[in-house]
Amino acid sequence: MIEACLSELTFLLIEDDGEFDNTLQVASKALPSQIYTAASAEQAVAILETQSIDILLADLCIAGGDLCQAVRQLYPDITILMVFAADDIKLLLPLLSLGSIDFLPKPLDSSTLVRLVSDITKKVCLQQKLTQSYSQLEVEKEFLAVALRSIGDGVMTTDLNGKVLMLNSMAERLTGWSSEQAAGHPANEVFNIVDTLSGKKLASPIEQVLATGKTLYLDKHTALLAKNGVEYHISDSVAPIFDEQHKIQGTILVFSDISETYRRRQKEQLSNDLMQDLFDNMETLAATLDADGVVVFVNKGALAILDMVLADVKGKKLWDCPWFTSDQELMRRTEEDYLQACKGVPILHDVQIYTVMGMFWIEFSLHAVFAEDGSLLSLVAEGRNVMERKRIEDENYSALQHLKLYREQTPLAAIEWDTELRVVDWNEAAEKLFEYELAEVTGKSWIDLVARTEDRQRVKAVWQQIISQTGSELTKQYIITKSGRTILVEWHNAALLDGSGVVIGGVSLAIDITQAQQAQQDLLRQTKEQQDILNTMADGVVMFNTDARMLTFNRGAERLFGYDSDDALGMDLSLLRPESDRPVVRRYMQILRDRGANAGGDDSYEVTGRHQDGSTFPMLLSVVELPMMEDGARRFIAVCKDITEMKSQQTKLQRAMKMDALGKLVGGIAHDYNNMLGVILGYTDLISMKFANVEGLSRYIDNISQAGERGRSLTKRMLAFSKQESSEAKAVGLNALLTQQKEFFEKSVTVQIQIEYQLSDSPWKIWIDPSELEDTLLNLTINAKHAMPDVGRLTFTSHAISLSATDASAIGLSANDYLTLSVSDTGKGIEPEILSKIFDPFFSTKGTGGTGLGLSQVYGCMERAGGTVRVYSQLGIGTEFVLYFPRYRSNEETASAEAQDTTLVQGHGERVLVVDDEPALRELAAEILTMAGYRVLTAVDGRDALEVMLANEFDALLSDIIMPNMDGYQLAQRVSELYPAVKIQLASGFSDNRHDSAIRQQWHEHILHKPYSSVDLLESLASVLSAEQA
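The letter at position 751 of the sequence shown is residue 750 when you use numbering that gives the first Met the number 0, and the numbering goes up by one with no holes.
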């Protein structure tokens, strides 16, 4: 080692003494070192700057103290040897303070020099080696410290007593102890471990290693409890530390955190357990193999069919297991399947394996499982029971044989095509249908052969759908036969596939449906005609079955019940009746099922229908049963007629008849009453004229006249009620009349009731008796007052409207222009139970305070005016009467009525015959006329009048209408025939219009109504006479 060191040393010799140089040359032969020489200090510096020098050997006189000091400062590792003579001792002293310099006295022989230099060089070599060793040791120490800090595992060392010496950083993190804290503590205090399965504390493994001197590995279920309470699953090992004499000096414990790995393994174990259960519970046979095809696992199903356990097959090649060993060829093919699967080829085919029950068909599959790097990990084999499929395949094969026979013998045309729609084969039925022999069409384009020109593109599109399996399984197509006939063919098509599922053509069954299509079109046309007929019917027609499910629903039914036909089909028939009637419907359906339609009942029934919106209406229902269908199904037809309008007309007719009968009764009473009033008022006028000068008499006469006038007003109302038409009707402006009467209406109600007008600006007029209209409005006003005893509002609203036939018929009118007048109040309303009775004569809710004639007069007035009245009421809200007046179309009157002259019109001696069966009225009329200057004769009835006229000439005839033996109309007719110059004036308190068709219009228009005043009588007679004279 020293010789090697010497050979590596480099010397620098500074000497200008030739003798010493020779000595050194001799010595150098004994020293294997590299030697550089310099004769001066300058040369020495140059060599030091360029070469690595270990030993500097210099003459003290040449090198001097300065050079030595500089070398010591710049190159402290160089060993310096100074050669000096005896007289150089004074130069030597300053250098002694530098240290690390050896001195050699002159003279020196070569042997001495060699010995001295050798000793020094050995010393230098040893020093260098020692320095290198210390440096290497420091490097290794630092490397070891870095390695311990950088290593991913925790490292802990202990001494011979099991006390902790040090922890690396990972060990500090896992234990929660710093290395300084842990040093000197017992290892089992720092390294606290437990069993994860039992939770029990484990003994320290360090003590066991110190005792045995053997490396120890801990159980995989070991957990380290850190100082802070955190638990880490660890994997660790403990090994002894030996010295050079193989004595234990301590232990080193290496451990790593495998918590994530442990949890992953636990999950994998759970997954494996689940997979094990899954495999065992699979209905298929399953096995896993390693990369060599050796069985690793087999599920219970696969073991059960051979009555084996896993140990019987585990470790064997799959093809060497009992399932396959019964057939050598099967073993060979299974091994070949394994080799193909190892290449990534999926294996799937049917095989027959051995079981304790005999040979068993399975669908065998085998596929490989590869790692991410592409290496083979394992293989999975599966067998699925296909015994049932095999049985079906056998049956299908048999069926195919039958199908082949059927194809040849069926009357349906069967054709096989290639992918270009060329005929490959067909049966005899196809030859008969298309009139071509097979040889004539084989390989030829079917489209070009039989398709019509206009159909060819569509046929191509259909064929593309068939071979692409996207549709057209059933189509209809016209074709041209060989003879030129055009027939309609129904095609049933399917794509033809080979064993791998590739389309290789198609097959079709063809049926000639030309006649069937024509029959179907005729049936559809007939059905459509029937449906059109049903839809044009105004009545609803519904067909239903024995389950009360609706089968047809015409448009009349849609309008009647509000349901769309699509929604109604399939619905229960009882939905067309109110819910309260549905039990009746169910009972009726039971009768239909048991005995059929019309069993023990009428053909038609009046029932209540129900609209979809919940409203109801009266309905006439007729049900008949249709002939039973071939399958035994029974159907019924229900004809539903809305009789709302008919019921309304019946109600109106009944009311009219009631009003007519009552009118006759009231008219008769009014006639007699008028006669009495006539006498009273007439003689009142006579007394007033004859005794005008009697003091105080006029007051009594006025009281009598006022009472008589009230009586006359009552009879007038009774007569108005009894009349069928107004005798004083004329064109009236409705708004003007309302405006004139507003003050009167306000006086008729209390001050708490506010009257409002909302009148249209229409110029239309109506034809009506103004006084009758005034009475009608007054009646409505008074009724409103009684409905609002405290406060309220009465509103009169007019509108000009045009009603269509549909709108008008809904309220019993005809299409026309109408003025409507709404009279609405904010009173208590009318109860729904009595709303339909309010127009009945003598019906009153006021008790003794009402006559029951007010609304009857309103109704009668509107009937005579050609209109109608409608009432709408809601309890607590109020009531509205709406009057509909037909628009009057004529030239409006341009002249205003002349002011009436109250002066009595005098006669000029004209001869007048007065005819009346009431003596008092007869004498009263005669008295008034006589006082007015007429010559008067009287008669008690018509016959008496004719006898009087035989003997006398008359200018005028004044006759009552209602008389015994011959009434006034009959008398007038006879007089007009016998004495056409005689002017006729009829008077009556009642007219039943029995002779309307036989009388002249002017008689009817100018009747003098009883009771009349003397002014009325004289004016009427003067008017008749003046008209005659004109």
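For every residue, glycine included, the Cβ atom is placed at its ideal position computed from N, Cα and C.
Sequence-distant residues of the same chain with beta carbon closer than 8 Å to residue i, five excluded per side
{"i": "isoleucine 465", "result": "Ser471, Glu472, Asn492, Ala493, Ala494, Gly505"}
{"i": "leucine 12", "result": "Asp20, Leu23, Ile34, Tyr35, Thr36, Ala37, Leu56, Ala57"}
{"i": "glycine 583", "result": "At residue 583 the sequence reads valine, which differs from the glycine that was named. The answer, listed in chain order, is Arg576."}
{"i": "histidine 907", "result": "Gly932"}
{"i": "methionine 930", "result": "Leu685, Met688"}
{"i": "glycine 161", "result": "Pro185, Ala186, Asn187, Ser203, Ile205, Glu206, Leu209, Thr250"}
Proximal residues to residue i (C-beta, below 6 Å), its chain only, five neighbours per side dropped
{"i": "proline 321", "result": "Leu305"}
{"i": "histidine 184", "result": "Val163"}
{"i": "lysine 784", "result": "Val748"}
{"i": "glycine 292", "result": "Lys316, Leu317, Tyr337"}
{"i": "isoleucine 767", "result": "Ala728, Val731, Ala864"}
{"i": "leucine 284", "result": "Gly300, Ala301, Gly382"}
{"i": "serine 895", "result": "The predicted model places serine 895 with a pLDDT of 39, which falls under 50 and marks its position as unreliable, so this point remains unresolved."}
Residue interval of the alpha helix (DSSP H) (run including residue i)
{"i": "tryptophan 445", "result": "445-449"}
{"i": "histidine 785", "result": "769-786"}
{"i": "alanine 556", "result": "554-560"}
{"i": "glycine 967", "result": "967-977"}
{"i": "leucine 1040", "result": "Only positions 0 to 1029 of the chain appear in this structure, which leaves residue 1040 out of reach."}
{"i": "proline 582", "result": "581-594"}
One or two residues paired with residue i in a DSSP bridge
{"i": "methionine 155", "result": "Leu166, Leu252"}
{"i": "histidine 1008", "result": "Ser987"}
{"i": "isoleucine 192", "result": "Leu223"}
{"i": "isoleucine 150", "result": "According to DSSP, which records beta bridges pairwise, isoleucine 150 is partnered with nothing at all."}
{"i": "histidine 232", "result": "Ala222"}
{"i": "tryptophan 416", "result": "Val422, Gly505"}
{"i": "proline 239", "result": "Thr250"}
{"i": "arginine 792", "result": "Gln753"}
{"i": "proline 321", "result": "The partner list for proline 321 (beta bridge, DSSP) is empty, contrary to what the question assumes."}
{"i": "arginine 383", "result": "Glu362"}
{"i": "methionine 549", "result": "Phe543"}
{"i": "glycine 357", "result": "Thr354"}
Residue i, DSSP secondary structure in three states
{"i": "glycine 695", "result": "coil"}
{"i": "alanine 640", "result": "Per the sequence shown, the amino acid found at residue 640 is lysine instead of alanine. Strand, per DSSP."}
{"i": "valine 1014", "result": "helix"}
{"i": "alanine 730", "result": "strand"}
{"i": "asparagine 395", "result": "helix"}
{"i": "histidine 245", "result": "coil"}
{"i": "isoleucine 829", "result": "coil"}
{"i": "asparagine 815", "result": "strand"}
{"i": "aspartate 760", "result": "coil"}
{"i": "glutamine 649", "result": "helix"}
{"i": "alanine 182", "result": "coil"}
{"i": "alanine 460", "result": "helix"}
{"i": "phenylalanine 743", "result": "helix"}
{"i": "alanine 632", "result": "coil"}
{"i": "glutamate 605", "result": "strand"}
N- and C-terminal bounds of the beta strand (DSSP E) containing residue i
{"i": "tryptophan 425", "result": "422-425"}
{"i": "leucine 912", "result": "910-914"}
{"i": "asparagine 492", "result": "485-496"}
{"i": "isoleucine 752", "result": "752-757"}
{"i": "isoleucine 927", "result": "Premise fails: isoleucine 927 lies in the alpha helix (DSSP H), 918-930, not in any beta strand (DSSP E)."}
{"i": "methionine 618", "result": "615-624"}
{"i": "lysine 475", "result": "473-479"}
Contacts around residue i, its chain only, beta-carbon distance under 7 Å, and the 5 residues preceding and following it disregarded
{"i": "alanine 369", "result": "It should be noted that the sequence gives phenylalanine, not alanine, for residue 369. So the list reads Leu375, Leu376, once near-sequence residues are dropped."}
{"i": "glycine 826", "result": "Ala783, Ala786, Met787, Gly791, Gly877, Thr878"}
{"i": "aspartate 417", "result": "Val423, Gly504"}
{"i": "alanine 367", "result": "Ala340, Cys341, Gly343, Leu375, Leu378"}
Problem set entry | Stretch pair the segment 373-390 + the segment 355-363: three plus CB contacts closer than 8 Å | Counting C-beta pairs closer than 8 Å gives three or more between the segment 373-390 and the segment 355-363, which meets the contact rule.
Exercise. Three or more C-beta pairs closer than 8 Å, one from the segment 531-538 and one from the segment 626-633: is that the case here?
Worked result: no
Exercise. Is the segment 189-201 touching the segment 220-239 in the sense that three or more CB pairs, one from each, lie closer than 8 Å?
Worked result: yes
Exercise. For the segment 834-843 against the segment 760-779, are there 3 or more C-beta pairs whose distance is under 8 Å?
Worked result: no
Exercise. Do the segment 874-885 and the segment 818-829 meet, that is, are 3 or more Cβ pairs less than 8 Å apart?
Worked result: yes
Exercise. Does the segment 740-747 come close enough to the segment 775-789 to have 3 or more Cβ pairs within less than 8 Å?
Worked result: yes
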